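Q: To start, I am sharing the structure in question, which I have written as structure tokens.
2 protein chains.
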Amino acid sequence: MPESPVCIVGGTGALGFGLALRLGLAGVPIVIGSRDGHRAQEAADRASEHVPEGSFTGLENPESVRDAEIVILSVPFRNQSETLTNLKGALGAEQLLVDATVPLAAAVSGKATRTIGVWQGSAAQQAQEMAPDGVRVVSAFHTVSAALLSDLDHELDEDVLICGDRREDKARVAELVDAITGLRPVDCGPLELARIVEQLTPLIISINVRNKVRAGIKITGLGSH
Amino acid sequence: MPESPVCIVGGTGALGFGLALRLGLAGVPIVIGSRDGHRAQEAADRASEHVPEGSFTGLENPESVRDAEIVILSVPFRNQSETLTNLKGALGAEQLLVDATVPLAAAVSGKATRTIGVWQGSAAQQAQEMAPDGVRVVSAFHTVSAALLSDLDHELDEDVLICGDRREDKARVAELVDAITGLRPVDCGPLELARIVEQLTPLIISINVRNKVRAGIKITGLGSH
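See the structure below:
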């Protein structure tokens, strides 16, 4: 487990906040980053109420990433590029950026069951292009329901699909995923596979709408792991 | 259960043959279609050896579809358009075409972990555009391992993701899926969602390569169904 804090940029949003709760519960010190430092602090306070044993801090984005070995980027696609531009001076070599962004068509007032094309192929590849030299990007956390993460009474039982170009980086993210009870990491291959995994969010949204559920994904055939 | 035969165009291929075995085992009369009538008959004979209680016939493609209410199209993407052109005079209104085609980049000597762009958005939508008037297309069977389907000693336990524009059509395909022990149908929404579901084949191929397994997909949160 990382002893240095994990930063969640966009931790005031539904997915980021859910991840903050679950990781905090697992004993990972969490820094919540937001464009607005007050909102970040507010979210950290709220997280502490839900998980009193956790360690939560709230900071403005550039400050928030400073001491984190792992930075989870969990912002709407609409804000991903701007956020990365603003983090350029703050992110440094050897930091791992875990991108959870999904290019839903909702970003351009389209449907949440559709995506828009990203020039680089995926939001994760856009993040890799925009990240400062030495910062490596891993793609993860697209298929876990934000609502179920935040509902600490709900027993999770699903997979987190991970894409990235270096095995060591994916192993560090896998360790983080493993720390959350009920989540299992699955290595899906190089970062370019994020083109596919990011599409699973609109698929799950469509399944949710049809079946009135909060679906997730599990890969069969992997054994008990 | 359909009493009229289900036709599997491309039933001599690995996925089509696996589906033939499993559906045959479930008591569905199967017609295997191929460009080559002899190869179709050969595959039907082989299927009968594996599943002696099943009913298997082998015919050339245009003949094979004649009496089937449901026609499963299980051909390499490279051949999908040509096959549909050749079936134009044979397919008739009220027939249901279940497209299992995946636009793997392997079709143009690329990788099986990548896809190529289809102008209509997906292979299923290309099938819908090319099918004669009145023939409806449902997209399914992209994530089930051909090898595991053919290995009748293997207990299946995974989902089949179904996309289509009409609920009744999807319900008929769901009934077919349900007939195969260990497979569960999941309604994923309209046919355009095939753009996403078809991408799951290269994702699974990538997971298989990384993890040396034969993976499949399960949707969590749906209950026991």
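The listed protein sequences correspond, in order, to chains A and B.
Everything in the first sequence is counted per the numbering used here, starting at 1304 for the first residue and increasing by one.
Everything in the second sequence is counted per the numbering used here, starting at 1304 for the first residue and increasing by one.
Note that beta-carbon positions come from the ideal geometry of N, C-alpha and C, so glycine has one too.
Please read these numbers as outputs of a predicted model, since none were measured by experiment.
#1: Whole angstroms is fine: what's the gap from B:Val1309's alpha carbon to A:Gln1429's?
#2: Going by DSSP, what residue range makes up the beta strand (DSSP E) through A:Asp1456?
#3: What in chain A is Cβ-close to B:Ser1509, meaning under 7 Å?
#4: Along the chain, which unbroken stretches of the beta strand (DSSP E) at least 3 residues long are found entirely within the segment 1336–1424 of chain A?
#5: Between A:Ile1499 and chain B, is there a C-beta pair that is closer than 8 Å?
#6: Work out the CA separation of A:Ala1350 and A:Leu1326 for me, nearest whole Å.
#7: Which same chain residues, not among the five before or five after B:Ser1509, have their C-beta less than 6 Å away from its C-beta?
#8: Ignoring anything shorter than 3 residues or poking outside the segment 1426–1502 of chain B, list the beta strand (DSSP E) runs there in chain order.
#9: Comparing alpha-carbon positions, which option in B:Leu1318, B:Ala1396, B:Cys1491, B:Glu1356 lies nearest B:Ser1377?
#10: Considering B:Gly1319, what are the terminal residues of the beta strand (DSSP E) in which it resides?
#11: Are the C-beta of A:Val1368 and some C-beta of chain B separated by less than 8 Å?
#12: Does any residue of chain B have a CB that is nearer than 8 Å to the CB of A:Gly1524?
#13: Pairing CB atoms from the segment 1421–1435 of chain B with CB atoms from the segment 1390–1407 of chain B, are three or more of them under 8 Å?
#14: When you compare the CB of B:Thr1416 with every CB in chain A, is at least one pair closer than 8 Å?
#15: Can you list the residues of chain A that B:Ala1434 reaches, using a CB-CB cut of under 7 Å?
#16: Closer than 6 Å by C-beta to A:Thr1386: which residues in its own chain qualify, once you throw out the five before and the five after it? Chain order, please.
#17: Excluding the 5 residues preceding and the 5 following A:Glu1501 in the sequence, name in chain order all residues of the same chain whose CB lies nearer than 8 Å to its CB.
#18: Along chain B, which residues have their Cβ under 7 Å away from the Cβ of A:Arg1517?
#19: Near B:Ala1518, which residues of its chain fall below 6 Å by C-beta distance, leaving aside the five closest residues on each side in sequence?
A: Per the coordinate set shown:
#1: 45 Å
#2: Neither: A:Asp1456 is in no beta strand (DSSP E) and is coded neither H nor E.
#3: Cys1491, Gly1492, Leu1496
#4: 1359–1363, 1373–1376, 1399–1402
#5: yes
#6: 11 Å
#7: Thr1416
#8: 1439–1442, 1461–1467, 1486–1490
#9: B:Leu1318
#10: Element bounds for B:Gly1319: not the beta strand (DSSP E) but the alpha helix (DSSP H), 1317–1328.
#11: no
#12: yes
#13: yes
#14: yes
#15: Here the premise fails: no neighbours, minimum Cβ distance about 23 Å.
#16: Val1378
#17: Thr1404, Val1405, Pro1406, Thr1418, Ser1425, Ala1426, Ala1427, Ser1442, His1445
#18: Gly1524
#19: Ile1507, Ile1510, Asn1511
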